[in-house]
Amino acid sequence: MLETVDHICLNPQRMQQLRLQLGEQASRTVALRAVEDLALRLEDLGQVADGAAAGDMHRRGRAIKAVAEQIGLDTLVMVVDDVLACHASGDPVALAATRARLQRIGWRSLGEIRAMLGQSG
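Counting in the working numbering, the sequence shown runs from 449 upward without gaps.
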């Protein structure tokens, strides 16, 4: 069985910017809410059919990307772009592969950010 190895890139500068702007506790609250939001959005996107309307897929992808950018999940941002490009190209095999990668990267990114915030789960 093949095992995939995906590297997760977090941007700690983004979290530092949030801390400077909002303070320690408020930035932590924002980050935890973003993690919860991303978890729901990743689950939702996982349920969307590959043949979903382009507008629907782009809207969902842009929402994930906006939240990921907010808390510095750089790898997740890049993979969302890849999914949207594959969806636009109409290549169902590439779309399936990038969506699977999005799920792997998304859930691992959430685990990494939770660990950084000292949360389990």
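Cβ coordinates follow ideal geometry from the N, Cα and C atoms, glycine included.
For the pair Leu466 and Ala479, the CB atoms are nearer than the 9 Å cut-off. Taking all protein chains shown into account, Arg547 has 16 or more neighbouring C-beta atoms within 10 Å of its C-beta and is therefore buried.
Within the same chain, Cβ atoms closer than 7 Å to the Cβ of Ile519 are found at Arg462, Met463, Ala479, Ala482, Ile561, the five residues on either side in sequence being excluded.
Per the coordinates, the alpha-carbon of Ala474 lies some 37 Å from the alpha-carbon of Ala545. In the three-state scheme derived from DSSP, where H, G and I count as helix and E and B as strand, Leu450 is classed as coil.
Leu550 is not bridged by DSSP to any residue. Contact between Val528 and Ala516 holds, since their C-beta atoms are separated by about 7 Å, short of 8 Å.
Residue range 472-495 is occupied by the alpha helix (DSSP H) that includes Val483. Assignment of beta-bridge partners to Leu458 by DSSP yields Leu521.
When C-alpha distances from Ala511 are compared across Gln495, Leu470, Gly471, Leu490, the shortest belongs to Leu490.
Spatial neighbours of Met505 in its own chain (CB-CB distance under 6 Å, excluding positions within 5 residues in sequence) are listed in chain order as His535.
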